[in-house]
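Residue numbers (my numbering), protein chains in the order written: chain A, 3 to 483; chain B, 3 to 864.
We put the beta carbon where it would ideally sit given N, CA and C, even for glycine.
The structure presented is a predicted model; accordingly, all values stated were derived computationally and were not measured.
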Amino acid sequence: MEQVGPKVPIFELPDELRLTLIAKEFPCRESQIRALATLLNPSAAPCRNLVVYGTEATGKTAITTALLASLDGDSLRHAVVNSIECITARHLYETVVGKVAAALEWETVPPRCESVSQLTVELSKMLKYTERPEGFRFVLVFDGIDHQREAPHTLLPALARLSEIIPSLTTVFIVTSPPPNNLLTTFVPHLHFPTYTKPEFISILSLTPPPTISNATALETTDLWSRFVGAVHDSLSRSASRTLPSLSQACQTLWPKFIAPIIARTHTAKEFSKLVVQARVHFQDESLLDPTLSLAPPTTTATAVKPVKTTDLATLLPTTARFLLLSAYLASHNPTKTDLTLFSTFHHGRKRRRGGFTGITGVAGRGGRKNASQHRKIARKLLGAHAFVLERMLAIFTAVRTEWDERSRHKFGEGLGKEEEINNDIYMSIATLASLRLLVKVGGGGDVMDLGGKWRVAVGWEVVRGLGRSVGVEVEEWLTE
Amino acid sequence: MSRNTTNPAAPAARKKRARSQNEDEPDLSSTTVAKKARVSKESPVATTTTTTNGTKTRGRRAAPAPTSAASKPVDIPDSDGQQSQPRSLAASKRTRQPPVKKKSNIYDFPASDEDELSSAEITTATTVTATKRKTTTKSVTSAPRGGKENLEEPLVEKKRRGRPPNKQRTAPPITDEQGDDGVPAKKKPSAVKNSKKAALQNGNADSGVDSDATSTTVTSLVPKSRKPRAVASLRGGEAPAQVPKGILTPRKEKGADGKRGKKNVVFAAEEGTDKEEESESEGDTTPTKKSTGKHRLGPGGEEEPEAEDDGEEEEEEEDSDDEVCAVCSKPDSKRGNQILFCDSCDMAVHQKCYGVAKIPRGDWFCKDCTVKKMAGLLSVDGTAKDRGASFQDKKATVVAPVAEELPDIPNFEEHLRMAQRVLLDRCAGRRKIKLRGQDEAYDKTFQLVEQTVVAGEGNSMLVIGARGCGKTTLVESVISDVSKQHKEEFHVVRLNGFIHTDDKLALREIWRQLGKEMAVEDDLVNKTTNYADTMASLLALLSHPSEIAESHEGVTSKSIVFVIDEFDLFATHARQTLLYNLFDIAQARKAPIAVVGLTTRIDVVESLEKRVKSRFSHRYVYLSLPKSLPAFWDVCRQGLSIDEEDMETEGIDAGLEGHEDFWKWWYDRVDGLYNKDQRFKDHLESYWASTKSASAFLITCVLPLAGLSPTSPFLRIPAPGTAVSLDPPDSKLHMLESLSDLDLSLLIAAARLDIVAHTDTVNFAMAYDEYSSLMSKQRVQTASSGLLVLGGGTRVWGRGIAGMAWERLVALGLLVPAASGGRGTAGLSGLDSKMWKLDVALEEIPAAVKLNAVLARWCKEI
């Protein structure tokens, strides 16, 4: 064929055979693979920028990498840069330069690359000012670029401009969900990798069937496996954790339990529904989805107790510190206005606990009732710890200590110097708690021991309850909500 | 039709129904089809029982009020009152039926306010469609008269698989009505005319027509599974019209991309056979005349039957299952002019209308199907059948070859491949496309740059325009044009505000680019790391020789053109040093430089400091996006065809045999796309209305262009079928699809708190508390109602798993951290109390993803 101008290489679609291979490796993604191949292959329709997006575990990175690896050759080179591996933007630039140089077998890699500007220069040197074969393309993949740490806000637009400056470059951005026009360039093709549907999940997992069960044929096993995957998908994956890894993990864990009746010869491989009924307990086991727990055998209760004991605050802290922490929790979670009713013994001579403060909250409740009809009030404990003044916490501490601590009650009864003890032991304990980050000072400035300083408790309800029980206090009784 | 009582949308639908009673009459016509489509969408059971074909449903809807009330006990009584009054009129029109509207609303999805509007268009569309259909069939459904009825029954029955036998019940009331129908019957032609006119005037309606027409063609391919197919195709046809259309409303087809019918495909197929059709499609003749004119065999007896028809119509509708003739859209079937059904595509057509003198024994196929059979193209791969979405595929593969023949051009493949290469390069943005309609701006810029290069003037200018309007193209083409004449006389320095983020970097870059172009030794470039040094040497380089006596003695300095992309970002640099110096040099005639700033911000001058602003020449060039659709097409066209004068520059060999023929054929194809293909036009208009960006449009052409091959060189845009879309997502809502039920529950619980508890921030503890309280309420309800719902519906997940789900929502960006400084932001007590803001609103959730009944109720009931 006679051709005028060397510029018109003939258009070609990427090699069918390669695509089929990749499509086989990554089932249910054929249209994406084809589109990607068209948009990346130098002889097809290589674009300048491409955004590949989709939620996790949909094959974005795997397919892009596999496809590029198969297309790699004289006319196409590629480099994949994973943003998660780069802790700063500068680290990213240097990684890019390093990987591009490696892909091109470039000799002199510059030691430093501090800015996009320099990155542009280095890439231009390698790709633009160096003679390359006709139709050469370099594909630069930025994986997870939306999670790049310490990225300047112009990072994405700047990277998208690279391909404008260097004509033979194609940049691919792999992101979870691109905000509209985040590249700030005219228009970029976006390729969506949707989540797998149930049939797709089943067909993917069917490709890797488990070893044949001893009492069944291979065909029966694969058949049972695919139906089993469907059942697991419906009971666990669809309802709680809809990703391929969690599904496959759950399937792997459940499978031995599921086929146990077959091996025990109580059921045959064809009685699927009976098997499901047998294994129903397992299908409802939440721990299958929790990666930390599902790896351990189900009888972990004994082992789980041991590590808790060593880290249990109740065993680590001295009694005073425990009381302090409890009063800090009360100060954090009780409104100030209820303090009088909760802790004061002055007027009535008897303690009022929960429920004894109707006077105050009742008024507040009535006042808020108009709103309450429209807007429900959020329980205070759900909102997390509030800040409190240190002085208030100390007041609560002194109020409850006599009640909680047998020893101090005696002392109090004996009339020993209360003040003195607060000054010494207690400040020490507060300092300990603060250094353990169990109590956190809110806002900077001021002395740590400043009575007006604001603090917040940093332990949750579960811990506090355990702590309270260790000193014989039901903390719940002291909370207004 | 069984009503879908379990439909979660029922309350909303009921509300809607109440409202719809107030709607004015013209709208009523719309509902039948809307209903039909909706039926197919919402309750598969209903669809299978109702229809093989759209027209049937329509007729059936027209069944009088008592029938519907009787057959559907669930129906709201008020429908009767409404129904009986306009029915006499409506019955004759078949499509105008108030009760239908009401029924249709039952299946409504919540918040689809557009339905009234959109469905109106659809109906008019289908009315015309019916007239346009021109296929025939073997099985004859005849008028329900005398003994004939019995004869025909088996045949009809065959077509009505799974249909509830309620038509027998409907029969008596209908006959009563016949007397009334006589009078309004006369109105019918005009009604049809009106609707047709509307359809023809309304481009969107046209597309609806086409989708219907084509979908029927498609059904022909799958004779065995006819009903589901028809349903699917109807659904496809309806989808794009869901949104109310204004003149400027984008007509982009989302999701259901490419479901819209293709007008010219059908017409092209028919062009040879039917001139009338074609002229009708152009809309310059009265549709009524057309439709009547099509009664080819009986021009004499035509008027009379029509008058009669209305009388019999109702009867006919029950019996032939409301099948109407695709040409005249009348349902009457009499001896000598019976309705024929194509055995392949189920198209119904009058003998006379379609020109079938004698009903053949055995199978009978419409013209389209006959052609297809001949072409042997009826083999469709089995996988495609399974998916409703892929019907478009078949339409493309099957209809296209019928419509067009492969051109007989020498070296066809080479021509095609070369064209593809050039066009794909253009579409993907690797070859420049020419500016269109920006002559003034071009002249101004060209003059300025040329003045700098030739006369040594210092100039500065700003090019302002939206993204994608061609600023860079303009400047680059100016530079390349200037360099054609004055190649060695100037340098170009290109800066970009995104890349050169401060003046220091920009200076170094200028120095580097000049060094490269001026062949300054690398040493010098690399040595000048000091900002002040760089500045000084740059100024020295740029300044006029006379100012710095010792350097560059006797040498006239070369002109430099600075192209500053994202000019507005340079204005944010400290003290705007670079801009100040550049403008100063340009203004003070120290050196012949031209500073061309490109920006999208129209108020960029306001951000310049006073001293900088005073040195700027205040010359502007404003680029606008195309002002009209033809202008937009003129720009976009370059991505789809190559003009004669560009052949040389693009490297296409005009000497290759068949060049002329090929390009003539290609131009015809592209013009045909624009002039005749409604789908293409809608696609183009959607881009024109939404972005006006040619490059955005051209990107969508990449995959269709790449898909062309010598065996199927017919360009279809947008790509039909399951082809992936390259559009960016509209919002984060696409991620909701991939959430599990637990994720969605937590999301909904958090979104509810926004409304219920009037808080805009939410933490995990609050969301989980809401979730578990909702769940326990749900359990109580299901337990009390005796429905022990199995499975995940009422399963309460533990805190640990819920925590994982919450973290997934965070990772997906559906929860964004609340502003720092607030409570819990210090990361103190971990997951529980860290505050988040929700990035989706409660009302968006049900619209974005299909929820199960429980979750849908949570979204609705606060």
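Buried/exposed call for residue i, threshold 16 Cβ in 10 Å
i: residue 782 of chain B; result: exposed
i: residue 279 of chain A; result: exposed
i: residue 708 of chain B; result: buried
i: residue 773 of chain B; result: buried
i: residue 118 of chain A; result: buried
i: residue 868 of chain B; result: No answer is possible for residue 868 of chain B: the residues shown for chain B start at 3 and end at 864.
i: residue 220 of chain A; result: exposed
i: residue 818 of chain B; result: exposed
i: residue 55 of chain A; result: buried
i: residue 444 of chain B; result: buried
i: residue 737 of chain B; result: buried
i: residue 661 of chain B; result: buried
i: residue 430 of chain A; result: exposed
i: residue 241 of chain A; result: buried
Own chain partners of residue i with C-beta closer than 6 Å, once the 5 adjacent residues on each side are dropped
i: residue 284 of chain A; result: 256, 259
i: residue 575 of chain B; result: 504, 505
i: residue 330 of chain A; result: 395, 441, 459
i: residue 261 of chain A; result: 215
i: residue 144 of chain A; result: 83, 175
Residue i versus residue j - alpha carbon distance
i: residue 44 of chain A; j: residue 434 of chain B; result: 18 Å
i: residue 770 of chain B; j: residue 808 of chain B; result: 9 Å
i: residue 105 of chain A; j: residue 432 of chain A; result: 58 Å
i: residue 473 of chain A; j: residue 439 of chain A; result: 21 Å
i: residue 125 of chain A; j: residue 17 of chain A; result: 29 Å
i: residue 437 of chain B; j: residue 190 of chain A; result: 20 Å
i: residue 108 of chain A; j: residue 138 of chain A; result: 16 Å
i: residue 84 of chain A; j: residue 146 of chain A; result: 6 Å
i: residue 639 of chain B; j: residue 687 of chain B; result: 13 Å
i: residue 64 of chain B; j: residue 344 of chain B; result: Any answer about residue 64 of chain B is weak, because its pLDDT of 40 lies below 50 and its placement is not dependable; what the coordinates show is given next. Cα-Cα distance, rounded: 24 Å.
i: residue 2 of chain B; j: residue 843 of chain B; result: Residue 2 of chain B is absent from the model: chain B starts at 3 and stops at 864.
i: residue 613 of chain B; j: residue 158 of chain A; result: 32 Å
i: residue 713 of chain B; j: residue 410 of chain B; result: 12 Å
i: residue 729 of chain B; j: residue 192 of chain A; result: 6 Å
i: residue 872 of chain B; j: residue 429 of chain B; result: Here chain B covers residues 3 to 864 and nothing more, so residue 872 of chain B does not appear.
i: residue 649 of chain B; j: residue 15 of chain A; result: 23 Å
i: residue 499 of chain B; j: residue 780 of chain B; result: 56 Å
Contacting residues, own chain, Cβ-Cβ under 7 Å from residue i (five flanking each side not counted)
i: residue 111 of chain A; result: 99, 100, 103
i: residue 57 of chain A; result: 178, 197
i: residue 471 of chain B; result: 625, 626, 627
Contacts around residue i, its chain only, beta-carbon distance under 8 Å, and the 5 residues preceding and following it disregarded
i: residue 89 of chain A; result: 151, 152
i: residue 96 of chain A; result: 114, 115
i: residue 644 of chain B; result: 421, 424, 425, 652, 654, 665
i: residue 742 of chain B; result: 807
Can you give me, in chain order, the residues of the stretch 426 to 444 of chain B that have a beta carbon less than 9 Å from any beta carbon in chain A? 426, 427, 429, 430, 431, 432
When the Cβ atoms of the stretch 415 to 429 of chain B are set against those of the stretch 19 to 36 of chain A, are three or more pairs found closer than 8 Å? no
Three or more C-beta pairs closer than 8 Å, one from the stretch 65 to 81 of chain A and one from the stretch 748 to 765 of chain B: is that the case here? no
Cβ contact (3+ pairs, closer than 8 Å) linking the stretch 208 to 217 of chain A and the stretch 227 to 237 of chain A: yes
Using a Cβ-Cβ cut-off of less than 9 Å, list which residues of the stretch 711 to 743 of chain B approach chain A; keep chain order. 711, 724, 725, 726, 727, 728, 729, 730, 731, 732, 733, 734, 736, 737, 739, 740, 741, 742, 743
When you check each C-beta in the stretch 475 to 504 of chain B against every C-beta of chain A, which residues fall closer than 7 Å? 498, 500, 501, 502, 503
Would the stretch 696 to 711 of chain B count as touching the stretch 153 to 164 of chain A if we require 3 or more Cβ pairs under 8 Å? no
Members of the stretch 750 to 780 of chain B that neighbour chain A once the beta carbon cut-off is set at 8 Å: 755, 758, 759, 760, 761, 765, 767, 768, 771
Please confirm if the stretch 467 to 481 of chain B is in contact with the stretch 667 to 685 of chain B, defined as three or more CB-CB distances below 8 Å between the two stretches. no
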